[in-house]
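Visitor: Would you mind keeping the following structure in view while I ask a few things?
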Amino acid sequence: MLALRPMAKREVDLLVVGAGPAGMTAALVAALEGLDVLLAEQSAQVGGTGATSAGTLWIPGNRQSKAAGFSDSAEQAETYLHALIGPSARSDIIRAFLQTGPDAIDYLEARTDVQFAPCGKHPDYRNNMPGAAVTGRAIVAKPFDGRLLGRDFKRVRAPIAEFMLLGGMMVGKEDIAPLIGRFRSPGNFLHAAKLFLRYLGDRLRFARGTRITMGNALIARLFASLRKRDVPILFGAALVDLVGDRGGVTGARLRVDGGEIVVKARKGVVLATGGYGHNKALRERFMPQPTPAFSLSFAGNRGDGVSIGEKLGAQLSPERCTSGLWTPVSVTARAGGGRGLYPHLSLDRAKPGLIAVNSAGRRFVNEGLSYHDFVLAMFESHKTVPSIPAYLVCDAAFIRKYGLGDIHPGTRNLKKFEAQGYIAGAATLDALAAKIGVDAAGLRDSVARNNRYAESGSDPDFGKGELELNRFNGDPTNRPNPCLGPIAAPPFYAIAVWPADIAVSTGLAADADARVLDTEGRAIPGLYACGNDMASVMGGSYPGPGTTLGPAIVFAYRAAMHARGSQGSDASNR
Ligand SMILES: Cc1cc2nc3c(=O)[nH]c(=O)nc-3n(C[C@H](O)[C@H](O)[C@H](O)COP(=O)(O)OP(=O)(O)OC[C@H]3O[C@@H](n4cnc5c(N)ncnc54)[C@H](O)[C@@H]3O)c2cc1C
446 MLALRPMAKR
456 EVDLLVVGAG
466 PAGMTAALVA
476 ALEGLDVLLA
486 EQSAQVGGTG
496 ATSAGTLWIP
506 GNRQSKAAGF
516 SDSAEQAETY
526 LHALIGPSAR
536 SDIIRAFLQT
546 GPDAIDYLEA
556 RTDVQFAPCG
566 KHPDYRNNMP
576 GAAVTGRAIV
586 AKPFDGRLLG
596 RDFKRVRAPI
606 AEFMLLGGMM
616 VGKEDIAPLI
626 GRFRSPGNFL
636 HAAKLFLRYL
646 GDRLRFARGT
656 RITMGNALIA
666 RLFASLRKRD
676 VPILFGAALV
686 DLVGDRGGVT
696 GARLRVDGGE
706 IVVKARKGVV
716 LATGGYGHNK
726 ALRERFMPQP
736 TPAFSLSFAG
746 NRGDGVSIGE
756 KLGAQLSPER
766 CTSGLWTPVS
776 VTARAGGGRG
786 LYPHLSLDRA
796 KPGLIAVNSA
806 GRRFVNEGLS
816 YHDFVLAMFE
826 SHKTVPSIPA
836 YLVCDAAFIR
846 KYGLGDIHPG
856 TRNLKKFEAQ
866 GYIAGAATLD
876 ALAAKIGVDA
886 AGLRDSVARN
896 NRYAESGSDP
906 DFGKGELELN
916 RFNGDPTNRP
926 NPCLGPIAAP
936 PFYAIAVWPA
946 DIAVSTGLAA
956 DADARVLDTE
966 GRAIPGLYAC
976 GNDMASVMGG
986 SYPGPGTTLG
996 PAIVFAYRAA
1006 MHARGSQGSD
1016 ASNR
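Dropping the structure here:
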């Protein structure tokens, strides 16, 4: 039975704080290993940012991909990570991550409802570096039937509105083509019809569709597994402080129902409160200037784990990186009022017939780079020419074919989006430049160059289409280069994009078992951190799809396994 009673437990083996993918995994594994666990979550739902994510995990050497015929090696991945991160790479935690990754996934698959499918081809983001792979490293949670959770389905945080159709229907990557081309073949039509009918049926009983995919499926699978094990989840319980000091942590103070309770934790406390995406002071301290205004992190992630850990004497790291894992976002107008953020992850930027320009109207990046690398280029360009926001520029034919941000492919009437201020449109490039405030001569020249490159098939300025990742997200039917096409026929359109973090890399420094380190580099007994509360093993880099969820699951698993074998904090025996 899932215990939801506020005062359920006052003394446990392991207290886990934060019910995102990291905390849920730590709690689940610890319970499977026989520990008495309490999972405390400040909000009324599980999932945090994880519930809104794409749900991909980067697990080099995973056996699910191997079984499906995609070869990979953890040794190669180690070479890649060292090449990518450079001298600041921490060999001990990188090795722990790579060695444990496949085992952690197999463990979950064998003992819980958390099941994964190999992504097959899903290139590393810098596939021109030694050790990078094109296939075999990414896995994703299998879709889940939310009806299996019954009334508790409402406890699973919903994805962002921009990722759902008709106000509540999730679609996976594999659904996009059949939905767009639903009138092109009987197979597509059947696929689309099944999705819609299932959704209509769902809405008679549930607030949203129950055929859930991606990160939402990962969370629902973790939740279903926790329920089966009767792991108590205390909703509405926020971490206020830790009990103990850098010599040892023995529990935590939680705010519940307007009061405070102290939970004693014999083997320790796991901090998994999702990082500091909405902590203004920490953003200003670690992120580039001007501090990016937008975060896609769950609004409740105020940096509690990181701040409380630092106050206790923990070390924060890495300090010398942009500290975020970034994506460009456009600002949407939501139906019913309010604004949202659309992350331009992979669907539009690499396609042929789109360029990104700064205020000089000049390109500054290979538009097909990963979302993280795209934003790093924005920061770099902004040092000399205002590039925040930058603008994605294309024509009407592009939007009709590929969509643009929150505008779905097939959309012909763009007036609504113009009226909302989501995009700017004009009959000439000069008029478009005037509308968005970029240099007109620069924009004209950039488009003319792009159109020449589209014909020749090569982009000597930024190499769009050269990386495997570019081509993966491009249009394979477009010749001669799947990522280069003309911006030719008016009207022309531009959309403003801004940097936003989907996760943070700076967090509590930890060892290979996710034990938090103090400022002298010594492990603090009884204190663990995972997910975005733990300093990223990638040191501020973004090697490939699943860069945060992969380590989140692996270090949560390692923390739980370590806690199982530990004697707890020395201080607890005092
Ligand atoms: C659009 C999008 C797509 C993404 N896609 C991917 C992807 O495919 N692969 C990938 O690797 N990463 C992806 N990410 C990033 C990924 O979702 C996060 O890195 C991940 O969810 C972090 O997990 P977490 O458990 O640390 O934190 P979260 O998932 O944010 O969960 C933190 C939980 O802690 C709770 N909490 C906060 N403070 C307290 C407190 N004081 N007391 C108690 N509870 C507290 C919160 O309420 C929340 O439930 C994506 C992110 C976004 C926005």
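For the sequence shown, the working numbering assigns the number 446 to the initial residue and increments by one for each residue that follows. Beta carbons: idealized from backbone N, C-alpha and C, even for Gly. As the structure is a prediction and not an experimental result, all values here were calculated from the model.
1. May I ask whether a heavy atom of ligand 1 can be found less than 7 Å away from the beta carbon of residue 727?
2. Which residue's Cα is closest to the Cα of residue 862: 794, 780, 923, 819?
3. In whole angstroms, give me the CA-to-CA distance for residue 585 and residue 501.
4. Pull up the DSSP beta-bridge partners for residue 632, would you.
5. Are the CB atoms of residue 898 and residue 904 nearer to each other than 8 Å?
6. Of all the options 752, 884, 787, which has the alpha carbon lying nearest to the alpha carbon of residue 730?
7. Helix, strand or coil: which one does DSSP assign to residue 1000?
8. Is the CB of residue 497 under 8 Å away from at least one CB in chain D?
9. Would residue 1003 and residue 959 be called neighbours here (beta carbons separated by less than 8 Å)?
10. Going by DSSP, what residue range makes up the alpha helix (DSSP H) through residue 770?
11. Secondary structure at residue 907, three-state DSSP: helix, strand or coil?
12. What first and last residue would you give for the alpha helix (DSSP H) that runs through residue 491?
13. So, at 8 Å on beta carbons, what are the nonlocal neighbours of residue 1007 in its own chain, with the 5 sequence-adjacent residues on each side left out?
14. Just tell me which of 965, 578, 560, 816 has its CA closest to the CA of residue 566.
15. Once DSSP output is grouped into helix, strand and coil, what is the label at residue 642?
16. Quick check on the burial criterion: 16 or more other C-beta atoms within 10 angstroms. Buried or exposed for residue 1032?
17. First and last residue of the alpha helix (DSSP H) that includes residue 552?
18. When you compare each of 703, 474, 507, 556 to residue 522 by their alpha carbons, which one comes out closest?
19. Please list, in chain order, all residues of the same chain as residue 655 whose beta carbon is under 7 Å from its beta carbon, the five residues on each side excluded.
20. Can you have a look at residue 813 and say buried or exposed, based on whether 16 or more other CB atoms are within 10 angstroms of its CB?
21. Have a look at the DSSP bridge pairing and note the partners of residue 395.
22. Quickly, what does DSSP pair residue 762 with across the bridge? List them, please.
23. Take residue 758 and list the residues in its own chain whose beta-carbon comes closer than 8 Å to its own, dropping the five residues that flank it on each side.
24. Relative to ligand 1, is the shortest distance from any of its heavy atoms to the C-beta of residue 978 smaller than 7 Å?
25. Assign residue 873 to buried or exposed, taking buried as 16 or more other Cβ atoms, counted over all protein chains shown, within 10 Å of its Cβ.
26. Look up residue 839 in the DSSP assignment and give the residues it is bridged to.
27. In angstroms, rounded to a whole number, what distance separates the CA positions of residue 975 and residue 930?
28. Give me the Cα-Cα distance between residue 811 and residue 820, rounded to the nearest whole angstrom.
29. So, helix, strand or coil for residue 732, using DSSP?
30. Would you mind working out which of 670, 459, 476 sits nearest residue 557, comparing C-alpha positions?
31. Taking residue 477 as part of the alpha helix (DSSP H), name the residues at either end of that continuous run.
32. How big is the Cα-Cα spacing for residue 596 and residue 664?
33. Between the region 615–627 and the region 540–556, are three or more C-beta pairs nearer than 8 Å?
Guide: By the coordinates alone:
1. Not one heavy atom of ligand 1 lies closer than 7 Å to the C-beta of residue 727.
2. Ranking the options by Cα distance to residue 862, first place goes to 780.
3. Spanning the alpha carbons of residue 585 and residue 501 requires a straight line of approximately 5 Å.
4. Note: residue 632 sits in no beta bridge, so no partner.
5. Cβ distance < 8 Å, so residue 898 and residue 904 count as in contact.
6. Measuring from the Cα of residue 730, the nearest candidate turns out to be 752.
7. If DSSP states are grouped into helix, strand and coil, residue 1000 belongs with the helices.
8. Checking the listed chains, one finds no chain D in this structure; it contains a single protein chain.
9. Against a cut-off of 8 Å, the Cβ pair of residue 959 and residue 1003 comes out as a contact.
10. Counting along the chain, no alpha helix (DSSP H) covers residue 770; the unbroken beta strand (DSSP E) around it starts and ends at 769–778.
11. Note: residue 907 maps to coil in three-state DSSP.
12. Bounds of any alpha helix (DSSP H) do not take in residue 491, whose DSSP letter is neither H nor E.
13. Excluding sequence neighbours, residue 1007 sits near 958, 959, 960, 973.
14. Minimum Cα distance to residue 566 is reached at 578.
15. Collapsing the DSSP output to three states places residue 642 in a helix.
16. Residue 1032 lies beyond the range of the chain shown here (446 to 1019); nothing can be said about it.
17. Element bounds for residue 552: 536–556.
18. Considering only 703, 474, 507, 556, the residue with the shortest C-alpha distance to residue 522 is 507.
19. Scanning its chain for C-beta atoms nearer than 7 Å, with the 5 sequence neighbours on each side dropped, one finds around residue 655 the residues 590, 591, 592, 598, 647, in chain order.
20. For residue 813, the number of other beta carbons within 10 angstroms of its own is at least 16, and it is reported as buried.
21. Because the chain here runs from 446 to 1019, residue 395 falls outside it and cannot be looked at.
22. DSSP lists 952 as partners of residue 762.
23. Result list for residue 758: 690, 691, 963, 964, 969, in chain order.
24. At a cut-off of 7 Å, the beta-carbon of residue 978 counts as near ligand 1: some heavy atom of the ligand is closer than that.
25. Exposed, since its Cβ has fewer than 16 Cβ neighbours within 10 Å.
26. Answer is 938.
27. Rounded to whole angstroms, residue 975 to residue 930 spans 43 Å at the Cα level.
28. Between residue 811 and residue 820, the C-alpha separation is close to 11 Å.
29. DSSP places residue 732 in coil when its eight states are reduced to three.
30. Out of 670, 459, 476, 670 has the C-alpha closest to the C-alpha of residue 557.
31. For residue 477, the uninterrupted alpha helix (DSSP H) segment begins and ends at 466–477.
32. Rounded to whole angstroms, residue 596 to residue 664 spans 16 Å at the Cα level.
33. Fewer than three pairs of CB atoms, one per stretch, sit closer than 8 Å, so the region 615–627 makes no contact with the region 540–556.
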